[in-house]
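Residue numbers (this note's numbering): 57 to 346.
1. Can the beta-carbon of residue 161 be found closer than 9 Å to that of residue 194?
2. Within 10 angstroms of its Cβ, does residue 208 collect 16 or more other Cβ (buried), or is it exposed?
3. Can you round the beta-carbon distance between residue 85 and residue 113 to whole angstroms, since I take them to be within the 8 Å contact cut?
4. Buried or exposed for residue 285, please, with buried defined as at least 16 other CB atoms from any protein chain shown within 10 angstroms of its CB.
5. If I measure Cβ to Cβ from residue 66 and keep anything under 6 Å in the same chain, skipping five residues before and after, which residues do I get?
6. How many angstroms separate the CA atom of residue 333 from the CA atom of residue 144?
7. Here's the rule: buried if 16 or more other CB atoms are within 10 angstroms of the residue's CB, otherwise exposed. What is residue 227?
8. If we call anything under 9 Å between Cβ atoms a contact, is residue 347 one with residue 109?
9. With 16 as the cutoff for other CB atoms within 10 Å, does residue 301 come out buried or exposed?
10. Starting from the C-beta of residue 81, find all residues in its chain whose C-beta is less than 7 Å away, skip the five residues before and the five after it, and write them out in chain order.
11. Can you check DSSP and say which residues form a bridge with residue 218?
12. Is the beta carbon of residue 299 less than 9 Å from the beta carbon of residue 341?
13. In angstroms, rounded to a whole number, what distance separates the CA positions of residue 271 and residue 154?
14. For a quick check, are the C-beta atoms of residue 199 and residue 276 less than 9 Å apart?
15. Have a look at residue 115 and residue 179 and give me their C-alpha separation to the nearest angstrom.
16. Under 6 Å Cβ to Cβ from residue 61, same chain only, skipping five residues before and after it: list those, please.
17. Start and end of the alpha helix (DSSP H) containing residue 419?
18. For residue 135, which of 197, 151, 101 and 120 has the nearest alpha-carbon?
19. For a test of the three-state rule: what should DSSP assign to residue 171, helix, strand or coil?
20. For a test of the three-state rule: what should DSSP assign to residue 282, helix, strand or coil?
21. On the DSSP letters alone, give me the boundaries of the alpha helix (DSSP H) that residue 103 sits inside.
22. In its own chain, which residues sit with a C-beta less than 8 Å from the C-beta of residue 165, not counting the 5 before and 5 after it?
23. Can you grab the Cα-Cα spacing for the pair residue 53 / residue 120, in whole Å?
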């Protein structure tokens, strides 16, 4: 199921029009779905990833409801496998290997990140709970050896460079933990059809967390004007998500009139325009939008 799901989604990026043809890709999606019940009866991590990728396949075609449904199945499957449980004790007891533990943690954070993105996308509550003190799942470790594997796109004029995939993924997890708080702001806007006044201090606090996250990025993950032309796709998408979160946070207050009664008042219009500026170049990249 995972193989067919990957092919169904990834072939959208092919330069060959016959391969990226939607009807061709549908065959692989259907093949994945035909295997779903069999694989979900005795699920493993690959089934969780396959369902999540099928969700993305439908999302890229504008089928929001179908995509949301398949991701919901993926999230439930992750809970069925107990991915939100710290299984370090299982390793010590010899029940699973250290490699299995790392795979489970990686799958948990992948599902967690997808859940935040889907919830912000469709405007619905989260499926995957936020890690708590008694259920602390470590953010995926940075695999320095893996990150040094070269990333190269033959059609570009850029020289091969380290991929920094695991380092970028770890930064993504930290960013999306901050992003969950944005839903709290949006949900507080309406309660019983009565518009609530949202505390600007809460918005400022989220702004501060986002800016702190950005300033703490290593040069391998950060993007500057100099490094942008050679930035890898996953780094570009990470930074696009960063600016997108500012827009999500401030857009509901776009039409709020400034009171000019406090120096601490937020100019939401200005923030939105500032954040749109770095977002636009990303949308001129080859594969955006999918």
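Quick reminder that beta carbons are idealized off the backbone N, C-alpha and C, glycines included.
From the atom records:
1. Residue 194 is positioned such that its CB atom lies closer than 9 Å to that of residue 161.
2. Answer is exposed; the Cβ neighbour count stays below 16.
3. Residue 85 to residue 113, Cβ: 6 Å. Contact.
4. The Cβ neighbour count for residue 285, taken over all protein chains shown within 10 Å, is under 16; the residue is labelled exposed.
5. When the five nearest sequence neighbours on each side are left out, no beta carbon in the same chain lies closer than 6 Å to the beta carbon of residue 66.
6. Their Cα atoms are separated by approximately 44 Å.
7. Classification for residue 227: buried.
8. Only positions 57 to 346 of the chain appear in the structure, and residue 347 is not among them; the question remains open.
9. Classification of residue 301: buried, given that the 10 Å Cβ count is 16 or more.
10. A distance below 7 Å between beta-carbons, with the five flanking residues on each side excluded, links residue 81 to the following residues of its chain, in chain order: 64, 67 and 68.
11. Bridge partners of residue 218: 206.
12. Going by C-beta atoms, residue 299 is not nearer than 9 Å to residue 341.
13. About 33 Å.
14. Contact: no.
15. Rounded to the nearest whole angstrom, the C-alpha separation of residue 115 and residue 179 is 14 Å.
16. So the list reads 88, 106, 109 and 110, once near-sequence residues are dropped.
17. With the chain represented from 57 up to 346, any question about residue 419 goes unanswered, as that position is not in the structure.
18. Per the Cα distances, 101.
19. Correct three-state label for residue 171: helix.
20. Look at residue 282 here: in three-state DSSP terms it is coil, with no helix or strand label.
21. Here the alpha helix (DSSP H) through residue 103 covers 101–116.
22. Here residue 165 has 193, 195, 196, 225 and 229 as same chain residues with Cβ atoms under 8 Å from its own Cβ, once five neighbours each way along the sequence are excluded.
23. The structure shown has nothing for residue 53, since the chain only spans 57 to 346.
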